[in-house]
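*Asks:* Here it is: the structure, laid out below.
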Amino acid sequence: MIEAVIWDFGGVLTTSPFEAFARYEKERGLPVDIIRRTNAANHFENAWAKFERAEVDLATFDELFAAESLALGAEVRGRDVVPLLSGDPRPEMVEALRRVKQHFKTGCITNNLPANAMGSSGGRALYVAETMALFDHVIESAKIGLRKPDPRIYQMMVAALDVDPKKCVYLDDLGVNLKPAREMGMTTIKVIDAPQAIRDLEAATGLALGDLVRA
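Under numbering that gives the first Met the number 0, the residue at position 110 of the sequence shown is numbered 109, and the numbers go up by one with no gaps.
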């Protein structure tokens with residue numbers, strides 16, 4: 000019996016930033032996946048991890064990321080990566096969230112950057128605010144100094160929602176972030192694209208969501 004559905008934000012309710020990374024690399028003749036490889040190297044203590052935990056400011060992140068990417072083959076400035084993160088809204092996923100909220104508790108665990116570094120547009124800011132209002136509880140890495148896949152961040156969410164992890168569904172686009180949730184007993188969904196995620200969410204919750212895939 001499911002009692003709560005917990006969501007990642009970027010790559011789930013918006014398109015994956017990986018698409019923007021790939022375009023950026025291609026346009027500049029950079030090695031394929033240099034940004035993702037830099038993110039993945041020493042992923043608990045690298046520049047990315049420190050920035051998402053708000054341990055460094057934008058200027059320091061810019062320098063650290065440049066050095067780390069250069070060590071892997073090509074310099075990429077961290078300041079140039081930040082605007083690539085926003086992604087495009089996935090309206091069908093937000094509608095799925097709205098329907099889920101009518102039946103289950105909802106939470107969001109997001110690894111994000113300090114607010115003053117994002118520089119998002121007014122339209123996106125409104126979209127984010129309207130979507131965030133659909134959650135019963137939100138945990139942002141930059142506000143609490145912890146980030147996925149640290150198991151403590153998932154424990155904080157189930158405590159805030161007052162649910163058994165075995166009665167939770169968790170959606171994320173990164174396998175490394177799904178693993179701790181699965182080890183806690185959650186039903187996990189790796190989001191590849193919206194139609195697949197909605198089908199898997201329908202199967203996990205028993206809600207009728209199929210029309211969102213056909214629309």
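Where is the CB? At the ideal position from N, CA and C, for every residue including glycine.
Using three-state DSSP, classify K147 as helix, strand or coil.
*Replies:* coil
*Asks:* Using only the alpha-carbon positions, how far apart do I143 and V31 sit?
*Replies:* 33 angstroms
*Asks:* Does the region 27–44 come close enough to the region 71–78 that 3 or more CB-CB pairs lie under 8 angstroms?
*Replies:* yes
*Asks:* Are there three or more Cβ pairs, one per stretch, closer than 8 angstroms when the region 34–51 is compared with the region 200–210?
*Replies:* no
*Asks:* List the DSSP bridge partners of K186.
*Replies:* According to the sequence as given, residue 186 is Thr; it is not Lys. DSSP lists V168 as partners of T186.
*Asks:* Does I152 come out as helix, strand or coil in the three-state DSSP assignment?
*Replies:* helix
*Asks:* Can you have a look at M185 and say buried or exposed, based on whether 16 or more other CB atoms are within 10 angstroms of its CB?
*Replies:* By the 10 Å Cβ count, M185 comes out buried.
*Asks:* Determine the burial state of P164: buried for a count of at least 16 other Cβ atoms within 10 Å of its Cβ, exposed for fewer.
*Replies:* buried
*Asks:* I'd like the span of the beta strand (DSSP E) that includes E139, first residue to last.
*Replies:* H136 to E139
*Asks:* For the beta strand (DSSP E) that A3 lies in, which residues bound it at each end?
*Replies:* A3 to W6
*Asks:* Quick check: the region 54–71 against the region 94–110, are there 3 or more CB pairs under 8 angstroms?
*Replies:* no
*Asks:* From which residue to which residue does the beta strand (DSSP E) around T13 run?
*Replies:* Looking at the DSSP string, T13 is not in any beta strand (DSSP E), and its letter there is neither H nor E.
*Asks:* From I5 to I188, what distance separates their C-alpha atoms?
*Replies:* 10 angstroms
*Asks:* Report the residue from T59, D149, H102 and R89 whose alpha carbon sits nearest the alpha carbon of V81.
*Replies:* It is T59 whose Cα lies nearest to the Cα of V81.
*Asks:* Could you give the distance in angstroms between the alpha-carbon of A158 and the alpha-carbon of R151?
*Replies:* 10 angstroms
*Asks:* Roughly how many whole angstroms lie between the Cα atoms of G174 and D7?
*Replies:* Those two C-alpha atoms are separated by around 12 angstroms.
*Asks:* Tell me the rounded alpha-carbon separation between F134 and K104.
*Replies:* One C-alpha to the other measures close to 8 angstroms.
*Asks:* For a quick check, are the C-beta atoms of L211 and E24 less than 9 angstroms apart?
*Replies:* no
*Asks:* Can you give, in chain order, each stretch of the alpha helix (DSSP H) that sits fully within the region 58–126 and has at least 4 residues?
*Replies:* 77–80, 90–100 and 114–117
*Asks:* Between the alpha carbons of F17 and L84, how many angstroms are there, rounded?
*Replies:* The alpha-carbon atoms of F17 and L84 are separated by roughly 8 angstroms.
*Asks:* Which same chain residues end up closer than 8 angstroms to T109 when comparing Cβ atoms and leaving out the 5 residues on each side of it in sequence?
*Replies:* D7, F8, G9, V137, I138, E139 and S140
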